[in-house]
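Asks: Just passing along the structure, written as structure tokens.
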Amino acid sequence: MMVSNFGRAPWRFIVIQFLVLTGLLAFIKFYLPHHARELAARDAATRELKINSFFQDSVVENSTREVSVPFDGAIVKRHPKRLRITFSAQDAESVLGVPNTNTTDFRGGQHLTWTGTSHKLEAAFDSGRLYCLIWRDLGTHHGELAYHSEDQWSLY
502 MMVSNFGRAP WRFIVIQFLV LTGLLAFIKF YLPHHARELA ARDAATRELK
552 INSFFQDSVV ENSTREVSVP FDGAIVKRHP KRLRITFSAQ DAESVLGVPN
602 TNTTDFRGGQ HLTWTGTSHK LEAAFDSGRL YCLIWRDLGT HHGELAYHSE
652 DQWSLY
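With the numbering used here, you'll find the sequence shown wraps up at 657, consecutive numbering, no jumps.
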């Protein structure tokens, strides 16, 4: 008498396929979103470094002059800052990457905003040339405005 294993092979194959499919669904459901969040956090940290270095490289401080400015309800002494260089929106995008927001004002000026983990940088362009940089702390919402002239510089 001969024993047949004819009915067992398809069930084993179905169970193996079910386990593989379950593993694939778990990978898609749990690992991929976690990995995407890690990449987004790493990109935001990199953008934060670029924002800070871009502002520091683009603005120069006049250490020979001191001005009194209101800050957090008190008057503090600070050195005024002005733009060191003027550049185009394409130059800013080549350094900082694609902006988070891109708006146009009523006069046709372009405002590009880059957001990092703890700071936001807004660059305002008129006729394609930079005229104002706004650097803002996202935690306190305080920041600095830098224009061509250091007389227009302010903390807020």
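From the three backbone atoms N, C-alpha and C, an ideal C-beta is built for every residue, glycine too. Remember, it's a predicted structure, so these values are computed and weren't measured experimentally.
#1: Based on Cα-Cα distance, which residue from His580, Ala590 and Arg543 lies nearest to Ser564?
#2: If you count every other CB in all the chains shown that lies within 10 Å of the CB of Trp512, and 16 or more means buried, which is it?
#3: Below 8 angstroms CB to CB, which residues in the same chain sit around Thr587 once its five sequence neighbours on both sides are set aside?
#4: Kindly indicate which residue of Gly617, Val521, Ala537 and His642 has the alpha-carbon position closest to the one of Pro600.
#5: Confirm, please, whether the CB-CB distance from Trp615 to Arg548 is below 9 angstroms.
#6: By a C-beta neighbour count over all protein chains shown, 10 Å radius and 16 as the cutoff for buried, is Glu539 buried or exposed?
#7: If you run the structure through DSSP and keep just helix, strand and coil, what is Arg608?
#8: Measure the beta-carbon distance from Gly610 to Ala625 and round it to whole angstroms, keeping in mind my assumption that it falls under 8 angstroms.
#9: In whole angstroms, give me the CA-to-CA distance for Ala545 and Ile529.
#10: Counting along the chain, where does the beta strand (DSSP E) carrying Lys621 start and finish?
#11: Determine, using beta carbons only, whether Phe519 and Leu622 come nearer to each other than 9 angstroms.
#12: Counting along the chain, where does the beta strand (DSSP E) carrying Arg583 start and finish?
#13: In the DSSP assignment, what are the bridge partners of Gly644?
#14: Give me the Cα-Cα distance between Val577 and Ser569, rounded to the nearest whole angstrom.
#15: Let's see if you can read the secondary structure: which residues bound the alpha helix (DSSP H) around Ile576?
#16: Kindly list the residues whose CB is nearer than 6 angstroms to the CB of Asp627, restricted to its own chain and excluding five residues on each side of it in sequence; keep chain order.
Replies: Looking at the atomic coordinates:
#1: His580
#2: exposed
#3: Arg630, Leu631, Tyr632 and His649
#4: Gly617
#5: Contact flag set, yes.
#6: exposed
#7: coil
#8: 6 angstroms
#9: 24 angstroms
#10: Secondary structure note for Lys621: its beta strand (DSSP E) is the uninterrupted segment His620 to Asp627.
#11: no
#12: Lys582 to Leu584
#13: Arg637
#14: 5 angstroms
#15: Unbroken run through Ile576 is the beta strand (DSSP E), Ala575 to Arg579; no alpha helix (DSSP H).
#16: Gly610
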